[in-house]
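See below for the structure under consideration.
Residue numbers (my numbering): 29 to 326.
See the structure below:
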């Protein structure tokens, strides 16, 4: 399951990066969200228990709108607008700091404890990411607004992971995700409407958005949220550390970027090593409270 998640998420970054070069990022965001919502709703609605669970998820409007904003609308808008400013690879390395953001958010707002090892890992990872951003600045890629957008999206998703597991863990992801994606579509549409009217996507871009939302994002979201429920937000974020390497390799293969330099590879490795200090703890793994409850329920 983790390897599948890495491949799917890498595909979302590569395809999104290709689409936003000729299409407004907000159009891509709302399009992929709406298509993903339609696909997952159609699958969930094929069974009677799925329809019941959809209604149960929709019966929590406050939670639905909050999670839709943090995990989907805000995250999609922030990352795609950032990609158009700083490129796919640099945006992805900031997102790779998600485990550090998750640890910080957990400690500040959800009672999660982080020791000296975790703090040292977070500092090391952040230092490597700043170094990577400095390399991008030499190539003209670094942009303050773009970096702030993707950083804000990363923090929003860190908060989302904890809230999702806390408030929606009793319902299967297949029936929760369509409701959250519907809320996110409603939030994104007003932002994307001016671009849709003035510069509608071409038929080729429309096909790419449909492919992105239905064939890549839909399964990626299902696997990602299943991992959040089974192993927690920090573990899921750690799995995604392989994504920057895969995306960087994909950029090179597609010819959208030169092969990674030795300095880039070193900084990416140091960044992942620092985050590993945060997320991979020595000794037997201990279940936290929410995971223990899930284990007992199963």
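Built from N, CA and C at the ideal position, the CB exists for glycine as well.
task: Could you tell me if residue 324 is buried or exposed, where buried requires 16 or more neighbouring beta carbons within 10 angstroms of its beta carbon?
output: At residue 324 the pLDDT is 46, less than 50, meaning the model places this residue with poor confidence; the figure from the coordinates comes in the next sentence. That one is exposed.
| Taking the C-alpha atoms as reference points, what is the distance between residue 39 and residue 183? | 22 Å
* Could you give the distance in angstroms between the alpha-carbon of residue 72 and the alpha-carbon of residue 54? -> 27 Å
Check: Do you know offhand how far residue 98's Cα is from residue 257's?
Finding: 17 Å
- Of the residues 61, 248, 188, which one's Cα is nearest the Cα of residue 131? 188
If you draw a straight line from the alpha carbon of residue 266 to that of residue 155, how long is it in whole angstroms?
18 Å
message = Please tell me whether residue 203 and residue 78 are closer than 9 Å, where the distance is taken between their beta carbons.
response = Contact: yes.
Would you decide whether residue 296 is buried or exposed? Buried here means 16 or more other CB atoms lie within 10 Å of its CB.
Answer is buried; the Cβ neighbour count reaches 16.
Review point. Counting pairs of Cβ atoms below 8 Å between the segment 229–245 and the segment 62–72, do you hit three or more?
Key: They touch, by the three-pair rule.
Original post:
Hey, quick one: how far does the alpha helix (DSSP H) through residue 180 stretch, first residue to last?
Top reply: Counting along the chain, residue 180 sits inside the alpha helix (DSSP H) bounded by residues 172–196.
Quick check on residue 52: does DSSP put it in helix, strand or coil?
In the structure shown, residue 52 sits in coil (DSSP, three-state: anything other than H, G, I, E or B).
Taking only runs that begin and end inside the segment 41–114, name each unbroken alpha helix (DSSP H) of 4 or more residues, in chain order. 53–72, 76–86, 89–95, 102–114
| query | Is the segment 227–235 touching the segment 107–126 in the sense that three or more CB pairs, one from each, lie closer than 8 Å? | reply | no
inquiry  = Going by DSSP in three states, residue 38 sits in which element: helix, strand or coil?
reply    = helix
Under 9 Å, do residue 177 and residue 96 count as touching if we go by C-beta distance? No, the pair does not count as a contact, with Cβ atoms beyond the cut-off.
Quiz item: Do the segment 138–158 and the segment 206–215 make contact, defined as three or more Cβ pairs closer than 8 Å?
Solution: no
Closer than 9 Å, CB to CB, is residue 235 near chain D or not?
The chain inventory of the structure shown lacks chain D, comprising one protein chain alone.
Inter-residue Cα distance where the pair is residue 33 and residue 44
Taking the straight line joining both Cα atoms gives about 16 Å.
Query raised in the report: Based on Cα-Cα distance, which residue from 51, 252, 271, 305 lies nearest to residue 222?
Result: 51
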